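*Asks:* In terms of the numbering used here, the sequence shown opens at residue 1 and continues consecutively.
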Amino acid sequence: MMSIYLFWRQPSQMVDRKRMRTSNFRWLLSKFVLLYLMVQVTGALRDLKCTTNNLKVWDCSWKAGFESVIDEVCVEDRSYSCHQVEKTNIKIPALPPGDHIMTAKSSHSPANSLSKFILNEKNVSFIPDTPEILNFSADFPTSTLFLEWNDKGSAFPYHVNVTWEIKILRTERRELIKLETYNTNLSGKDRVHQWSWASDLPLECATHYVSIRCYIDYLHFSGHKEWSDWSQMKKIPWSPNSQTKVFPQDKVVLVGSDIIFCCISQSKVLVAQIGSTLCPLIHLDEKNVAIKIRNISVSENSGTNVIFTTDDNVYGTVIFAGYPPDIPQKLNCETHDLKEIVCTWNPGRPTGLVGPRNTNYTLFESFSKKYVTFKRAETFTNESYQLFFQILPDQEIYNFTLHAQNPLGKSESAQLVNIMERVSPHTPTSLKVKDINSTAVILSWHLPGNFAQINLLCQIEINKANSKQELQNATIKGVKNADYLIDVNKLNPYTKYTFRIRCSAETFWKWSKWSNEKQHLTKEAIPSKGPDIWREWSSDGRNLVIYWKPLSISDANGKILSYNVSCSSHEETQFLSEVLDPQHKAELPLSKRDCIISVVAKNSAGSSPPSKIPTIEIPNDDLKVEEVVGIGKKILLSWHHNPNMTCDYVIKWCNSSRSEHCLMDWKKVSSNSTETIIESDQFRSGIRYHFFLYGCRNQGYQLLRSIIGYIEELAPIVAPNFTVEDTSSDSILVKWEDIPVEELRGFLRGYLFYFQKGEKDTSKMRGLEPGRSDIKIKNITDISQKTLRIADLQGKTSYRLVLQAYTDGGVGPKKSMFVVTKENSVGLIIAILIPVAVAVIVGVVTSILCYRKREWIKETFYPDIPNPENCKALQFQKSVCEGSNALKTLEMNPCTPNNVEVLETRAAPKIEDTEIISPVAERPEEGCNTEPENHVVVSYCPPIIEEEIPNPVVDEAGGTSQVIYIDVQSMYQPQAKPEEEQDIDPVVGPGYKPQMRLPINSTLEETAAEDDIDKTAGYRPQANVNTWNLVSPDSPRSTDSNSEVVSFGSPCSINSRQFLIPPKDEDSPKSNGAGWSFTNFFQNKPND
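1) Look at GLY812 and VAL734 and say whether their C-beta atoms are less than 8 Å apart.
2) Taking THR821 and GLY795 to be in contact with their CB atoms under 8 Å, please state how far apart those CB atoms are, rounded to whole angstroms.
3) So, SER515 versus LEU431, is the Cβ gap smaller than 8 Å?
4) Under 8 Å, do LEU576 and LEU588 count as touching if we go by C-beta distance?
5) What did DSSP end up calling ARG535 once you bin it into helix, strand or coil?
6) Could you give the distance in angstroms between the alpha-carbon of PHE451 and the alpha-carbon of GLN472?
7) From the DSSP secondary-structure annotation, give me the bridge partner or partners of ASN473.
8) Let me know if LYS330 comes out buried or exposed under the rule of 16 or more other beta-carbons within 10 Å of its beta-carbon.
9) Excluding the 5 residues flanking LEU387 on each side, which residues of the same chain have their C-beta closer than 6 Å to its C-beta?
10) Can you name, in chain order, every residue of its own chain whose Cβ lies under 6 Å from the Cβ of SER444, other than the five neighbours on each side?
11) Could you give the distance in angstroms between the alpha-carbon of ALA104 and the alpha-carbon of SER222?
12) CB ILE127 to CB GLU204, shorter than 8 Å?
13) I'd like to know if the segment 131-139 and the segment 198-216 are in contact, where contact means that at least 3 CB-CB pairs between them fall below 8 Å.
14) Does DSSP put GLY449 in a helix, a strand or coil?
15) In whole angstroms, what is the alpha-carbon distance linking VAL836 and LYS814?
16) What is the DSSP secondary structure of MET420, reduced to helix, strand or coil?
17) At a cut of 8 Å, does the segment 299-311 reach the segment 267-276 through at least three beta carbon pairs?
18) Since GLY810 and GLU712 are thought to touch, with beta carbons under 8 Å apart, how far apart are those beta carbons, to the nearest angstrom?
19) Note down, one range per segment and in chain order, each beta strand (DSSP E) of at least 3 residues found wholly within the segment 273-348.
20) Just to confirm my understanding: we take THR51, look at its own chain, exclude 5 residues before and 5 after, and list those with CB closer than 6 Å. What are they?
21) Return the residue from the list TRP653, VAL669 and SER670 that minimises the CA-CA distance to LEU663.
22) Applying the 10 Å Cβ sphere with the 16-neighbour rule, what's the burial state of SER1002?
23) Can you give the Cα-Cα distance for SER680 and HIS690, rounded to whole angstroms?
24) Report the start-end ranges of each beta strand (DSSP E) in the segment 159-241 that is 3 residues or longer and not cut off at the edges.
25) On the DSSP bridge assignment, give the partners of ASP59 in chain order.
26) Which of helix, strand or coil does DSSP assign to SER607?
27) Name the two residues that bound the continuous alpha helix (DSSP H) containing CYS696.
28) With DSSP run on the structure shown, which of helix, strand or coil describes GLU121?
29) Mind checking which residues open and close the beta strand (DSSP E) that includes PRO835?
30) Taking a contact to mean a Cβ-Cβ separation below 8 Å, would you say TRP195 touches TYR215 in this structure?
31) I'd like the list of long-range same chain contacts for ASN655, defined as Cβ closer than 7 Å, with 5 residues on each side in sequence excluded.
32) Measuring CB to CB, does THR171 end up less than 8 Å from LEU284?
33) Locate the beta strand (DSSP E) running through VAL625, then write down its first and last residues.
34) Can you tell me where the alpha helix (DSSP H) holding LEU744 begins and where it ends?
35) Whose C-beta lies closer than 8 Å to the C-beta of ASP190 among residues of the same chain, with five residues either side of it excluded?
36) Which term fits ILE834, buried or exposed, when burial requires 16 or more other beta carbons within 10 angstroms of its beta carbon?
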């Protein structure tokens, strides 16, 4: 667009730079001119715009100014040209690059004004013509749209790049679903372009629209380049039928892809599902709906159902999801008979499609342009397929291409082969064997095919029992459908062979399969050598026993029928006997006669060479028995080289448990050997074998060594038998026997003897673990020792004895017995005397101690009971009164009690007044010189008890008896306070109380009272025995304590009227305590 703004700016940009540098004056002048032109244009025209569609013609248009009409437009180019204008646009030829002045004249303008402005290519817009769609069609089965249009390239004679933009719209709402760019170029000619697009929605489901525009990128055009206008819309309509349909029908899709199904329906669709899965509905035009299925999985053989349910019916289709054909793998083309070519391949991954959607294979040969098609049954297995192609005459090289195709795609595999180098014959048949001699046969077989032009390479496999497999190759001239023959040599006579054969071309490609096996027994031949022989003299020396080993199959060369035994000397040769097989020994009565024994084996083909052995045996006096143990189930025997031995060495061995002249086996070695290894299948571990080494010299054999040994030593299987020969109080003598060789199973190395204390009847005996202190072990390594004395034992004690034998192979089982040692008489005497002596010593010591402590024992355990008649407790001392030489006894004077307590009112006894003179209140008599503190006067008044006869009128139950107790202890204690006396119970209080209790009951109690007279009379213990003090009367608790529970010590007899135990003076020594003490037992009194 060119406007006022452009008119102002463009000249400043387009002025020649060289001119701008010349002078500022000119620049100012140009500005002035531009300003003048702008004023003129403003009045003439507006919005000048120039475009081109072919780069040849510019189409300039404008809007007329107010009250002005443009009549003529002139353009200053190389030539000045003017153009009459009838409208508001003008077409002028394209101007070359640069600025050009355009003058617009207006005849209707009042001032007849001129409008001038500058034209430049940079201000021109290049807008191509609107493309025209030639054809827009659709392929409904594949939902593909096809578009054709003309690029009109003839309008551009030069090379131009073009970009096309294609848009696809769908439904009546014209929703944009695809916008794609398509690049081409213009070459000066009109060309029709084609474009296709596959819709994800079936085309039957909705109307599809298409439109196109272009953009031409011409590099030499400096103006503005713009897109063309969109072409007119083209559409693919859908025409609904009266019948409801679901699209697409029977679609084959790739596994994992997304697909849309639609239903064209006149009624409302309620639900849609694939298989058993419900799908959301997508609404299209009118009542049409669609569903989209994502990442579809492999379908079943019959496909997967898609169902739409409407108000009145159910409609659906089937979808088949699978894979495109895999590239054929392991393609191989070869021939078996040079008549036809067999190409085999592996189809690879199963496609999951069957029936008409299955993969089709076509084998195409490019040189001959021939092909064959593969036909097979429907299958999903990954099996190997094959096609047959007939060999063409005079053609050896073939170029095969195997094409695979199904509805989802194509694949192919190619191979170039020279068929003469790809020959793998069929399996040979009709294999036969025919004898030539005992070491050669002829093999014949049939091989189908036309092999006249090549040579065959055949391989024969030869097998025989207990032998390594043998392969022989042979080259044979090929023929057409014929039998082939070949000789096989170097076979063994009388041997069973198994033959089979396979063939290939001489230019080896691949062996055919093996033919069936054919077994054949070759002919017999004479034995290749004589039997291995040995001889043994009988025990009496009269008969000679000849032994020989049977010949091996390879040496016998047939079935041995018999053996001929003969004896030859210098004079003659004597045939002795013929022994039939399978007997392998002969006994000859030679009676120590010297000769050469000869043995010959015979079969149907002839006799073997003779085997000879002399009968002479050279004695050897210097012979010792040696021991040997095998290594790894073998026995290694060695000896020093003896130059005198000229023939050979013979090692004979047998089981040593058998008789002296045993024969188990033998082995011969050359005379220059010094060692050999003996091994046999008959060897067993733990069995002793006897080996004899013989050397041959001067036509006779001499025994050189005698060896006993084991292949492997084992532990003995039995324990030695042992007995107890002698026992004493401290020892046991044990004797045992040898273990038999058969049960020893090795060389005896010693005995293990265990002994421990133990009873025979003990239910469980602990094992003989080493290291226990109660078990003693003796290891006897002298195997010749057969007795053992065990010393330092205890008498009359049971011992358990255990004996074991051991070899290098292990320790044998245990054998045990229990033995009791004899009793020791000296010990018994000592055992009796020691307790007696101890008892005597203890008795003497005890008697001495008791004698020394007799007083203490008597005082402690048997104290003297004081005689009341001798009690001086109440006697006064001599210093109490003058003229009194002895203490006076208490006088029974009437005394008036200070306090009388009435116990019962009905029959209370009458108590006469009694006076108790307190020791404190008592005054001393006149004339006494005694000190006041030692003057004590005690007056004792026994209670006077009156007895009343109860009144008969009175109730019997009312009769009572009363006993008044006077506390004697109160005479030696301080007077109690009055208030304290009221709390003392006179009946249960402590101290001495008289024992007499006179019954004053009614007559019902008299009889009981008379019966108890004896019990109540005399001395009795106190009523409250628990208040007696155990300590002596002079203890602090008895005299100084104020406790009421402490009694006066010893009681007094009421009959004696005196204290039984008088109190001691305060100055007398205190007692250390009464009672028995263990420490007092060992203490002596001062008087002792």
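All residues carry an ideal CB built from backbone N, CA and C; glycine is no exception.
Remember, it's a predicted structure, so these values are computed and weren't measured experimentally.
*Replies:* Judging by the given coordinates:
1) As a working note, residue 812 is residue 812 in the sequence shown. As a working note, residue 734 is residue 734 in the sequence shown. At a Cβ-Cβ threshold of 8 Å, GLY812 and VAL734 do not count as neighbours.
2) Mapped onto the sequence shown, residue 821 falls at position 821. Mapped onto the sequence shown, residue 795 falls at position 795. Indeed they touch by this definition, with Cβ atoms about 5 Å apart.
3) Mapped onto the sequence shown, residue 515 falls at position 515. Mapped onto the sequence shown, residue 431 falls at position 431. Closer than 8 Å, so yes.
4) On the sequence shown, position 576 is the one that residue 576 refers to. On the sequence shown, position 588 is the one that residue 588 refers to. Yes. Within cutoff.
5) Numbered from its first residue, the sequence shown carries residue 535 at position 535. Note: ARG535 maps to strand in three-state DSSP.
6) Residue mapping note: residue 451 aligns to position 451 of the sequence shown, counting from 1. Residue mapping note: residue 472 aligns to position 472 of the sequence shown, counting from 1. Each residue's Cα considered, the two are about 21 Å apart.
7) Numbered from 1 along the sequence shown, position 473 holds the residue referred to as residue 473. The partner list for ASN473 (beta bridge, DSSP) reads GLN459.
8) Residue mapping note: residue 330 aligns to position 330 of the sequence shown, counting from 1. With fewer than 16 Cβ atoms within 10 Å of its Cβ, LYS330 is classed as exposed.
9) Looking up residue 387 in the sequence shown gives position 387. CYS343, LEU363, VAL372 and PHE374, listed in sequence order.
10) As a position in the sequence shown, residue 444 is number 444, starting the count at 1. Here the set comprises LYS432, ASP483 and LEU485.
11) To locate residue 104, count along the sequence shown from 1; it is residue 104. To locate residue 222, count along the sequence shown from 1; it is residue 222. C-alpha separation (whole angstroms): 25 Å.
12) The residue given as residue 127 occupies position 127 in the sequence shown. The residue given as residue 204 occupies position 204 in the sequence shown. Taking 8 Å as the Cβ cut-off, ILE127 and GLU204 do not qualify as a contacting pair.
13) yes
14) Sequence index remark: in the sequence shown, residue 449 carries index 449 (1-based). In the structure shown, GLY449 sits in a strand (DSSP, three-state: E or B).
15) As a working mapping, residue 836 is identified with position 836 in the sequence shown. As a working mapping, residue 814 is identified with position 814 in the sequence shown. Their backbone Cα atoms lie some 47 Å apart in a straight line.
16) Along the sequence shown, read from residue 1 onward, the residue named residue 420 stands at position 420. Correct three-state label for MET420: helix.
17) yes
18) For the purposes of this step, residue 810 is identified with residue 810 of the sequence shown, where counting begins at 1. For the purposes of this step, residue 712 is identified with residue 712 of the sequence shown, where counting begins at 1. That belief does not hold up - the Cβ atoms of GLY810 and GLU712 are roughly 11 Å apart, past 8 Å.
19) 277-279, 289-293, 304-310, 314-322, 329-335 and 340-346
20) By one-based count along the sequence shown, residue 51 stands at place 51. Around THR51: ASP59, SER125 and ILE127.
21) Numbered from 1 along the sequence shown, position 663 holds the residue referred to as residue 663. Of TRP653, VAL669 and SER670, the residue nearest in Cα terms is TRP653.
22) For this step, residue 1002 is matched to residue 1002 along the sequence shown. Confidence in SER1002 is poor, its pLDDT being 39 and thus under 50, which makes the residue's placement too unreliable to answer from.
23) Taking the sequence shown and counting its residues from 1, one reaches residue 680 at position 680. Taking the sequence shown and counting its residues from 1, one reaches residue 690 at position 690. Each residue's alpha carbon lies about 14 Å from the other.
24) 160-170, 175-186, 192-198, 208-217 and 234-236
25) One-based indexing of the sequence shown puts residue 59 at position 59. Residue pairing for ASP59: DSSP places it in a beta bridge opposite THR51 and LYS91.
26) Within the sequence shown, numbered from 1, the residue matching residue 607 stands at position 607. Of the three classes helix, strand and coil, the one that applies to SER607 here is strand, per DSSP.
27) On the sequence shown, position 696 is the one that residue 696 refers to. Element bounds for CYS696: not the alpha helix (DSSP H) but the beta strand (DSSP E), 688-697.
28) Against the sequence shown, residue 121 aligns to sequence position 121. Correct three-state label for GLU121: helix.
29) Start at 1 with the first residue of the sequence shown, and residue 835 comes out as number 835. Not the beta strand (DSSP E): PRO835 falls in the alpha helix (DSSP H), residues 825-852.
30) Position 195 of the sequence shown, counted from the start, is the residue given in the question as residue 195. Position 215 of the sequence shown, counted from the start, is the residue given in the question as residue 215. No. Outside cutoff.
31) Indexing the sequence shown from 1 puts residue 655 at position 655. If we look at ASN655 and ignore the five residues flanking it on each side, its Cβ neighbours are CYS662, MET664, ILE687 and TYR689.
32) Within the sequence shown, residue 171 is the residue found at index 171, counting from 1. Within the sequence shown, residue 284 is the residue found at index 284, counting from 1. Cβ atoms of THR171 and LEU284: closer than 8 Å.
33) Indexing the sequence shown from 1 puts residue 625 at position 625. Following the DSSP letters along the chain, one finds VAL625 inside the beta strand (DSSP E) bounded by residues 625-629.
34) The count along the sequence shown starts at 1 and reaches residue 744 at position 744. It spans 741-744 - the alpha helix (DSSP H) in which LEU744 sits, taken as one unbroken run.
35) Numbered from 1 along the sequence shown, position 190 holds the residue referred to as residue 190. So the qualifying residues of the chain are ASN150, ASP151, LYS152, GLY153 and SER154.
36) For the purposes of this step, residue 834 is identified with residue 834 of the sequence shown, where counting begins at 1. Label assigned to ILE834: exposed.
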